[in-house]
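K.L.:
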Amino acid sequence: MSTPVVFDPMTLPSDDNVNAYTFCVELKGSQWFLQKGKMIAYYGQIDFNGIGHGRFERLIRTSFHSPLHASDWVVAEGSGKMLLADRAFDVNSFDLEDGNLTIRAGNLLAYQPTLALKQSIVPGFLTLIGTGKFVAASNGPVVFMEPPLRVDPQALVGWADCPSPCHHYDHGYMKGVMGGLRSLTGIGGTSGEEHQFEFVGAGTVLLQSTELLMPEQATGAVPHEPGVPGGGPGGGGQHGSTPRMPGQLGDLQRRFGL
Amino acid sequence: MPFREINAKMVEAVVGPGQKMYSQRGAMLAYRGDVSFTPNVQGGQGGLGSMIGRRLAGEATPLMTVEGNGLVMFGHGGHHIQVINLAGDTLCVEADRLLAFDGTLQQGTLFMGSQGGVMGMVRGQMTGQGLFTTTLKGHGAVAVMAHGGVVELPITPGRPVHVDPQAYVAHHGDVTNKLSTALGLRDMVGRGSGEAFQLELSGNGAVYVQASEEKL
Amino acid sequence: MFRLQGSKTLAVDLTGDAVKAKNGSMVAYDGQMAFKKMSGGGEGLRGMVTRRLTGEQMVMMEVKGQGTCYFADRASEINLVSLHSDTLYVEASNLLATDGGLRTGTSFTGLRGGASGNGLFTTTVEGTGQAAIMSDGSAVVLRVTPQYPLNVDPGAYIAHQGRLQQHFQSGVNFRTIMGEGSGESFQIRFEGDGLVYVQPSERNTVGGDV
Chain X
295 MSTPVVFDPM
305 TLPSDDNVNA
315 YTFCVELKGS
325 QWFLQKGKMI
335 AYYGQIDFNG
345 IGHGRFERLI
355 RTSFHSPLHA
365 SDWVVAEGSG
375 KMLLADRAFD
385 VNSFDLEDGN
395 LTIRAGNLLA
405 YQPTLALKQS
415 IVPGFLTLIG
425 TGKFVAASNG
435 PVVFMEPPLR
445 VDPQALVGWA
455 DCPSPCHHYD
465 HGYMKGVMGG
475 LRSLTGIGGT
485 SGEEHQFEFV
495 GAGTVLLQST
505 ELLMPEQATG
515 AVPHEPGVPG
525 GGPGGGGQHG
535 STPRMPGQLG
545 DLQRRFGL
Chain D
378 MPFREINAKM
388 VEAVVGPGQK
398 MYSQRGAMLA
408 YRGDVSFTPN
418 VQGGQGGLGS
428 MIGRRLAGEA
438 TPLMTVEGNG
448 LVMFGHGGHH
458 IQVINLAGDT
468 LCVEADRLLA
478 FDGTLQQGTL
488 FMGSQGGVMG
498 MVRGQMTGQG
508 LFTTTLKGHG
518 AVAVMAHGGV
528 VELPITPGRP
538 VHVDPQAYVA
548 HHGDVTNKLS
558 TALGLRDMVG
568 RGSGEAFQLE
578 LSGNGAVYVQ
588 ASEEKL
Chain E
178 MFRLQGSKTL
188 AVDLTGDAVK
198 AKNGSMVAYD
208 GQMAFKKMSG
218 GGEGLRGMVT
228 RRLTGEQMVM
238 MEVKGQGTCY
248 FADRASEINL
258 VSLHSDTLYV
268 EASNLLATDG
278 GLRTGTSFTG
288 LRGGASGNGL
298 FTTTVEGTGQ
308 AAIMSDGSAV
318 VLRVTPQYPL
328 NVDPGAYIAH
338 QGRLQQHFQS
348 GVNFRTIMGE
358 GSGESFQIRF
368 EGDGLVYVQP
378 SERNTVGGDV
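Residue numbers (the working numbering), protein chains in the order written: chain X, 295 to 552; chain D, 378 to 593; chain E, 178 to 387.
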């Protein structure tokens, strides 16, 4: 029989994982940004405040540049140890050193204010810039790969230091014949793998081991301006996001594995 | 070709020229190199007739052929993946639990009713799987999905294993199956409910059980 | 004898003795087993009536026999707890199995339910023996001492044991403008001496479904 490990404020790790699903942050009069509802327990004196709180104006000016997410985030400050977790997904911390990393908005749990958070030009993704630590959740452990690589959009957690991905469509699918025929006859269906994100150049791509997305966090809308992906007339969908090709049912298709 | 387990929820396979593998559609996570994914219009190896047979049998899990030259990573739905290596024996597995398998393995369907008689038909009803179970035979690797990981239980002569049909994932070896019910279990869950039955596996082999009663 | 097979399957070796387990959680067994439904939590008719009133749902079965019985429930992680003339307080939905000799009951736990959506009553397991509790992701066991009280999100709480007082705290950190709550406004504060089990997941949060 395995006896469970009992933790107290002294034995809890400082800014490290307690187990695969739980991360412990130590605050010594310092601050962390964290997504609402991800703190499961804490020892000590810690205050949690919505980032709309006026006192944080300076902090937010330097470290938080995503007005669309303002209501999803809080600032934790004080001293003590707090445990972070997210629906039993794997959590891990990552260190950035004068770097940049783009991550799916729903995967980011918490970050140090020494990092600046900005919205990525790719809808639904956030970019962290600077030096510091952040904590991210993923469905299964994160796997690091180097380009060149094509990734199923749903398995993508984020990428660091490499250029933003482009869309890749399978050649056979592009011919349109297969897709059209299948959608008419219902025989065969599509492989569900006609479309990937393609990464080229130097950098690191972060994958999660599953195609089941963590429920999408509200990422709001980008400003409706010409030239902004997803922000064009018609509320996006035309230019920025994936064009829906004939024979492709989008999410439904993937859900049913057609 | 063997699967390399990257972690509990992801496997990696190297595809080379002249090699072929099958995977559940939409189960590719990422790939490198020149690899193509073709939906199986012919439904496995048995041609169109066989595919329709499969539809009727409720074993219509759509597959795709993976060919080319490169590296492919598979995973699906956050499910745990168990790699089972076959050395000439036969694996029985519910089709919707197949993530990917070696193209050299011989596919077939097993009519569970032939072993279990009338009771076998009940089994089909209660698992919602139809009466057919997919069989894979030969030398090669199979990646199977399970909710919450699997436990492998050995089956030895004189020591049959009883499995909740909802937790059953796969079995291999020289094993016969039949339905049985344990003392008191039928009264407990209510008459007519399939839960009152267990799959009794006896013979020589192993059964894989998942840590959950949830279907995929 | 309880042992874990992996982290999500509980194997119980039985030699004619009995084990109480959540109804329907048996996934496999070898040997001879008999299953018996237990009314209420196993404390007879009176217990059942109490349960009806308190709304704490727990349907258990008694498994008796020779061999090994395997239990699992919705791929939850399983944590073993040893009790030595001790009481374990656990949310009914998180209790998987107990030794046949342990007594189960219900206890009033205060106002926690207001936020978590759980009842005001919690299942108690008393005596000497082993119990298996479930969590969504492996649980973290945290010690509470008089110097170190602990604050827990109600959605992440699964169980505690020892001499603990719990207070439901609301609005302590509820500072807001534009109607934005901090999301961590409702907490349970544990004081005293004992252990608290938390899971790396929240059943439901104040902000709704995450």
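From the three backbone atoms N, C-alpha and C, an ideal C-beta is built for every residue, glycine too.
Please read these numbers as outputs of a predicted model, since none were measured by experiment.
According to DSSP, simplified to helix, strand and coil, what is L353 (chain X)?
P.N.:
As a position in the first sequence, residue 353 (chain X) is number 59, starting the count at 1. In the structure shown, L353 (chain X) sits in a helix (DSSP, three-state: H, G or I).
K.L.:
Alpha carbon to alpha carbon, how far is F353 (chain D) from K397 (chain D)?
P.N.:
No answer is possible for residue 353 (chain D): the residues shown for chain D start at 378 and end at 593.
K.L.:
Below 7 Å CB to CB, which residues in the same chain sit around D551 (chain D) once its five sequence neighbours on both sides are set aside?
P.N.:
By one-based count along the second sequence, residue 551 (chain D) stands at place 174. Counting only Cβ-Cβ distances below 7 Å, and skipping sequence neighbours, we find G580, N581 and G582.
K.L.:
Applying the 10 Å Cβ sphere with the 16-neighbour rule, what's the burial state of E357 (chain E)?
P.N.:
Start at 1 with the first residue of the third sequence, and residue 357 (chain E) comes out as number 180. Low per-residue confidence applies at E357 (chain E): pLDDT is 41, beneath 50, and the placement is therefore not dependable, though the value from the model is reported in the following sentence. Under this definition E357 (chain E) is a buried residue.
K.L.:
Interface residues of chain D around K185 (chain E) at Cβ under 7 Å?
P.N.:
In the third sequence, counting from the first residue as 1, residue 185 (chain E) sits at position 8. The contacting residues are G525, G526 and A588.
K.L.:
I need the DSSP call for D366 (chain X), collapsed to helix, strand or coil.
P.N.:
Against the first sequence, residue 366 (chain X) aligns to sequence position 72. Of the three classes helix, strand and coil, the one that applies to D366 (chain X) here is helix, per DSSP.
K.L.:
Provide the residue span of the beta strand (DSSP E) that contains K322 (chain X), from first to last.
P.N.:
Stepping through the first sequence from its first residue, residue 322 (chain X) is reached at position 28. First-last of the beta strand (DSSP E) with K322 (chain X): T316 to Q329.
K.L.:
In angstroms, rounded to a whole number, what distance separates the CA positions of V246 (chain E) and F419 (chain X)?
P.N.:
Along the third sequence, one-based indexing puts residue 246 (chain E) at 69. Along the first sequence, one-based indexing puts residue 419 (chain X) at 125. For clarity, residue 246 (chain E) is Cys in the given sequence; the question names Val instead. Between C246 (chain E) and F419 (chain X), the C-alpha separation is close to 47 Å.
K.L.:
Distance cutoff 9 Å, beta carbons only. Does L372 (chain E) sit that close to anything in chain X?
P.N.:
The residue given as residue 372 (chain E) occupies position 195 in the third sequence. Yes, contact with chain X.
K.L.:
Taking just the CA atoms, how far does G452 (chain D) sit from V388 (chain D)?
P.N.:
Reading the second sequence from its first residue, position 11 is the one you call residue 388 (chain D). Reading the second sequence from its first residue, position 75 is the one you call residue 452 (chain D). Going by the C-alpha atoms only, they are around 7 Å apart.
K.L.:
Closer than 7 Å between beta carbons: that is the criterion. Which residues of the region 251-265 of chain E meet it against chain X?
P.N.:
Going along the region 251-265 of chain E in chain order, one finds N256 and L257 with a Cβ nearer than 7 Å to chain X.
K.L.:
Which residue from D:V540, D:Y585 and D:G526 puts its Cα closest to that of S253 (chain E)?
P.N.:
Walking along the third sequence from the start, residue 253 (chain E) turns up at place 76. Checked all of D:V540, D:Y585 and D:G526; the closest Cα to S253 (chain E) is D:G526.
K.L.:
For I383 (chain D) and chain X, any beta-carbon pair shorter than 9 Å?
P.N.:
For the purposes of this step, residue 383 (chain D) is taken as residue 6 along the second sequence, with counting starting at 1. True, the Cβ-Cβ gap to chain X drops below 9 Å.
K.L.:
Measure the alpha-carbon distance for H524 (chain D) versus R355 (chain X) and round it to whole angstroms.
P.N.:
By 1-based counting over the second sequence, the position of residue 524 (chain D) is 147. By 1-based counting over the first sequence, the position of residue 355 (chain X) is 61. Using only the alpha carbons, I get a separation of about 45 Å.
K.L.:
Would K199 (chain E) be called buried (16 or more neighbouring beta carbons within 10 Å of its own) or exposed?
P.N.:
Start at 1 with the first residue of the third sequence, and residue 199 (chain E) comes out as number 22. Taking a 10 Å sphere around the C-beta of K199 (chain E), we find 16 or more other C-beta atoms and assign the residue as buried.
K.L.:
When you compare only the Cα positions, how much space is there between N384 (chain D) and E529 (chain D)?
P.N.:
Locating residue 384 (chain D) in the second sequence gives position 7, counting from the first residue. Locating residue 529 (chain D) in the second sequence gives position 152, counting from the first residue. So the alpha carbons of these two residues sit roughly 18 Å apart.
K.L.:
What did DSSP end up calling G285 (chain X) once you bin it into helix, strand or coil?
P.N.:
There is no way to answer for residue 285 (chain X), as the model of chain X reaches only from 295 to 552.
K.L.:
Tell me which residues of the region 385-418 of chain D have at least one Cβ-Cβ distance to chain X shorter than 8 Å, keeping chain order.
P.N.:
Residues A385, K386, M387, Q401, R402, G403, A404, M405, L406, A407, Y408, R409, S413, F414, T415, P416, N417 and V418.
K.L.:
Classify H539 (chain D): buried if its beta carbon has 16 or more other beta carbons within 10 angstroms, exposed otherwise.
P.N.:
As a working mapping, residue 539 (chain D) is identified with position 162 in the second sequence. When all chains shown are included, H539 (chain D) counts as buried.
K.L.:
Judging by CA-CA distance, which residue of D:P416, D:G515 and D:D473 is the nearest neighbour of N462 (chain D)?
P.N.:
Numbered from 1 along the second sequence, position 85 holds the residue referred to as residue 462 (chain D). Nearest option by C-alpha distance: D:G515.
K.L.:
Can you tell me the Cβ-Cβ gap for D274 (chain X) and K427 (chain X), rounded? I've got them flagged as a contact below 8 Å.
P.N.:
Residue 274 (chain X) is absent from the structure shown; chain X starts at 295 and stops at 552.
K.L.:
Given that N313 (chain X) touches chain E, what residues does it touch there, using C-beta distances under 7 Å?
P.N.:
If you number the first sequence from 1, residue 313 (chain X) lands on position 19. In chain order: S315 and V317.
K.L.:
Here's the rule I'm using: 16 or more other beta-carbon atoms within 10 Å means buried, otherwise exposed. How should S262 (chain E) be labelled?
P.N.:
Residue numbering aside, residue 262 (chain E) sits at position 85 when the third sequence is read from its first letter. Exposed, since its Cβ has fewer than 16 Cβ neighbours within 10 Å.
K.L.:
By Cβ distance, which residues of its chain are closer than 8 Å to N343 (chain X), with the 5 residues on each side in sequence left out?
P.N.:
Position 49 of the first sequence, counting from 1, holds the residue named residue 343 (chain X). Cβ neighbours of N343 (chain X) beyond the five flanking positions: R349, F350, V368, V369 and E371.
K.L.:
Can you list, in chain order, the residues of its chain with a C-beta nearer than 8 Å to that of L181 (chain E)? Leave out the 5 residues immediately preceding and following it.
P.N.:
In the third sequence, residue 181 (chain E) corresponds to position 4, counting from 1. Counting only residues of its own chain and dropping the five nearest sequence neighbours on each side, L181 (chain E) has a CB closer than 8 Å to the CB of L187, A188, I255 and L257.
K.L.:
Per DSSP, what kind of secondary structure is A198 (chain E) in: helix, strand or coil?
P.N.:
By 1-based counting over the third sequence, the position of residue 198 (chain E) is 21. In this structure, A198 (chain E) counts as strand in the three-state DSSP scheme.
K.L.:
Answer yes or no: does any C-beta atom of chain E fall closer than 9 Å to that of P537 (chain D)?
P.N.:
Along the second sequence, one-based indexing puts residue 537 (chain D) at 160. P537 (chain D) counts as touching chain E.
K.L.:
Is the CB of S503 (chain X) under 9 Å away from at least one CB in chain D?
P.N.:
Here residue 503 (chain X) refers to the residue found at position 209 of the first sequence. Yes, S503 (chain X) counts as interfacial toward chain D.
K.L.:
Quick one: which chain E residues come within Cβ less than 8 Å of L530 (chain D)?
P.N.:
The residue you call residue 530 (chain D) lines up with position 153 of the second sequence. Chain order gives the chain E residues near L530 (chain D) as A205, D207 and Y247, where near means a beta carbon separation below 8 Å.
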